[in-house]
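Colleague: Each step along the sequence shown adds one to the number in the working numbering, with nothing skipped, and position 71 is 686. Beta carbons are placed, not taken as given, at the ideal position from N, Cα and C, and that holds for glycine. A single structure is presented below for examination.
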Amino acid sequence: MTIHRGLRVAACVLWLTGSGCTSLRELPRGEYAARPQRDHVRVVTRQGLLYEFDYAKFVADSVVGFKRRDVESRLEEYTIFGLPLDDVARIATRQVDWTRTGMVGGGVLIAVIAAAYHASQQNGGGGGSGGGTVRPPPQ
């Protein structure tokens, strides 16, 4: 029983830390075309317009964003929108923030260890050698 409980706790901890915390990270202008495609892209234009794309492809002088459309179809349909890089003020991408994920995962791990320690103290310290004082049943 204790082994199954430990496995469940370990699976929960792995699930929580595996999902991760994400944050938007702004890309420096020189790194826009460092990779030909990026996922979860947010573009702000010089006019102040905001565009969020599922993914974007970068070509020599423009960015082409793809946003999945919610339609009932067997095929995924995307809206495609192109912007010249001269009109772009900022580009940010959503990435896993490993520092925040580690802090949350560490906090969860500490809470689980503290709860397990508290439970073992409530149970009289776990199993023993079988010796000791035997108390009579209450009357």
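With a threshold of 16 other CB atoms inside 10 Å of the CB of I706, please say whether the residue is buried or exposed.
Modeller: Stepping through the sequence shown from its first residue, residue 706 is reached at position 91. A residue is called buried when at least 16 other Cβ atoms come within 10 angstroms of its Cβ; I706 meets this threshold and is buried.
Colleague: Is A730 helix, strand or coil by DSSP?
Modeller: Here residue 730 corresponds to residue number 115 of the sequence shown, with the count starting at 1. If DSSP states are grouped into helix, strand and coil, A730 belongs with the helices.
Colleague: Can you give the beta carbon distance from R715 to C636, rounded, assuming they're within the 8 Å contact cut?
Modeller: For the purposes of this step, residue 715 is taken as residue 100 along the sequence shown, with counting starting at 1. For the purposes of this step, residue 636 is taken as residue 21 along the sequence shown, with counting starting at 1. Indeed they touch by this definition, with Cβ atoms about 4 Å apart.
Colleague: Applying the 10 Å Cβ sphere with the 16-neighbour rule, what's the burial state of T708?
Modeller: Locating residue 708 in the sequence shown gives position 93, counting from the first residue. With 16 or more other Cβ atoms within 10 Å, it is buried.
Colleague: Taking only the alpha-carbon atoms, compute the straight-line gap between A726 and Q736 and give it to the nearest angstrom.
Modeller: As a first step, residue 726 must be located in the sequence shown, where it is residue number 111. As a first step, residue 736 must be located in the sequence shown, where it is residue number 121. Taking the straight line from one Cα to the other gives about 15 Å.
Colleague: To which residues does DSSP link P699 through a beta bridge?
Modeller: To locate residue 699, count along the sequence shown from 1; it is residue 84. Note: P699 sits in a beta bridge opposite S677.
Colleague: Could you check the C-alpha separation between L724 and H619 for me, to the nearest Å?
Modeller: Walking along the sequence shown from the start, residue 724 turns up at place 109. Walking along the sequence shown from the start, residue 619 turns up at place 4. About 17 Å.
Colleague: Starting from D712, trace the beta strand (DSSP E) in both directions and tell me its first and last residue.
Modeller: Working through the sequence shown from its first residue, we reach residue 712 at position 97. Counting along the chain, D712 falls outside any beta strand (DSSP E), and DSSP gives it neither H nor E.
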